[in-house]
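Colleague: Position in the sequence shown (first residue = 1) + 46 = the working numbering. All C-beta atoms in this analysis are idealised placements derived from N, C-alpha and C, irrespective of residue type, glycine included. Just passing along the structure, written as structure tokens.
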Amino acid sequence: MKLNKNKKNIKSICALSDKKGFSLVEVIIAIAILTLGISAITILMASNIKSSKESKNLVVAMGLAQEGIELVRNFKDTETTFKSSGGVKPDGEYRIDTETLFADFTKDATSDKRLYLNSAGGFYTHDNTSAGMQSTKFYRKAIISNQAANKQVVTTSFVSWNSTAAGGFPEDGDVSKCTIGNKCISITSVMMDIE
47 MKLNKNKKNI KSICALSDKK GFSLVEVIIA IAILTLGISA ITILMASNIK SSKESKNLVV
107 AMGLAQEGIE LVRNFKDTET TFKSSGGVKP DGEYRIDTET LFADFTKDAT SDKRLYLNSA
167 GGFYTHDNTS AGMQSTKFYR KAIISNQAAN KQVVTTSFVS WNSTAAGGFP EDGDVSKCTI
227 GNKCISITSV MMDIE
């Protein structure tokens, strides 16, 4: 009986030694597949983070462009001399700031339109001389066009976050190239002159 038991043990040991494990080639292929999978996930995550940052920039830029229009509208509503026939604000490019109770306009087509973030108040301005101002990637300008015949003032507010373009805006200041793909947006408002 004891001999019979030893034969069974020997058979089971031999059976274990006959079973094959993974070969080196199989292990290398499995590691390669795993590496490709992890690389793909990493690339997708990096792309998602970049897309999220661009979405944030777009939302901020849209808010700044809308603010530019609202500042012009506020100036028009509070300033009785804002008339297309009177020329209070002649046609041209302007920097618009929140430095006064209404809008502060600076007619200047050539200066830097970069916006700075006031860390104390949390608002954007073109003024970089005050303490606590942080440079941002955003640029803003407004183009005012008076249409006396229609008694209208057409204002377009442009915001760009494309620091590679000249002055923050598409090359040669061509506003028709102000697209989301070029990291630039615009909002246009037509305001009636009511005398």
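Distance check for G178 and Y170, CA to CA, integer angstroms please.
Modeller: Along the sequence shown, read from residue 1 onward, the residue named residue 170 stands at position 124. Along the sequence shown, read from residue 1 onward, the residue named residue 178 stands at position 132. Cα-Cα distance, rounded: 12 Å.
Colleague: Looking only at C-alpha atoms, which of V205, S97 and S85 sits nearest to R141?
Modeller: What you label residue 141 is simply residue 95 of the sequence shown in a count that begins at 1. Among V205, S97 and S85, the Cα nearest to that of R141 belongs to V205.
Colleague: Ignoring anything shorter than 4 residues or poking outside the region 64–127, list the alpha helix (DSSP H) runs there in chain order.
Modeller: 70–124
Colleague: List the endpoints of the continuous beta strand (DSSP E) containing N174.
Modeller: As a working mapping, residue 174 is identified with position 128 in the sequence shown. That residue, N174, is in no beta strand (DSSP E); it is neither H nor E in DSSP.
Colleague: Could you tell me the alpha carbon to alpha carbon distance between S222 and I75, rounded to whole angstroms?
Modeller: Within the sequence shown, numbered from 1, the residue matching residue 222 stands at position 176. Within the sequence shown, numbered from 1, the residue matching residue 75 stands at position 29. Cα to Cα, the separation comes out at about 53 Å.
Colleague: Look at T242 and I189 and say whether their C-beta atoms are less than 8 Å apart.
Modeller: Residue coverage of the chain in this structure runs from 47 to 241, which leaves residue 242 outside it and unanswerable.
Colleague: Look up K197 in the DSSP assignment and say whether it is helix, strand or coil.
Modeller: The residue labelled residue 197 in the question sits at position 151 within the sequence shown. DSSP places K197 in coil when its eight states are reduced to three.
Colleague: Between the region 158–167 and the region 81–95, are three or more C-beta pairs nearer than 8 Å?
Modeller: In the pairwise beta carbon analysis, the region 158–167 is classified as not touching the region 81–95: fewer than three pairs are separated by under 8 Å.
Colleague: Let's test the definition: count the other Cβ atoms within 10 Å of the Cβ of S98 and tell me whether it reaches 16, buried, or not, exposed.
Modeller: Numbered from its first residue, the sequence shown carries residue 98 at position 52. The residue in question, S98, is exposed, as its Cβ has fewer than 16 Cβ neighbours within 10 Å.
Colleague: Going by the beta-carbon positions, is the gap between I226 and Q112 smaller than 8 Å?
Modeller: As a first step, residue 226 is located in the sequence shown; it is residue number 180 there, counting from the start. As a first step, residue 112 is located in the sequence shown; it is residue number 66 there, counting from the start. Contact flag unset, no.
Colleague: From the DSSP output, read off the bridge partner residues of V221.
Modeller: In the sequence shown, the residue the question calls residue 221 occupies position 175. Per DSSP, none; premise fails for V221.
Colleague: Measure from the alpha carbon of V199 to the alpha carbon of each residue in T182, E100, D173 and D137, then state which is nearest.
Modeller: Taking the first residue of the sequence shown as position 1, residue 199 is located at position 153. The candidate whose alpha carbon is nearest that of V199 is D137.
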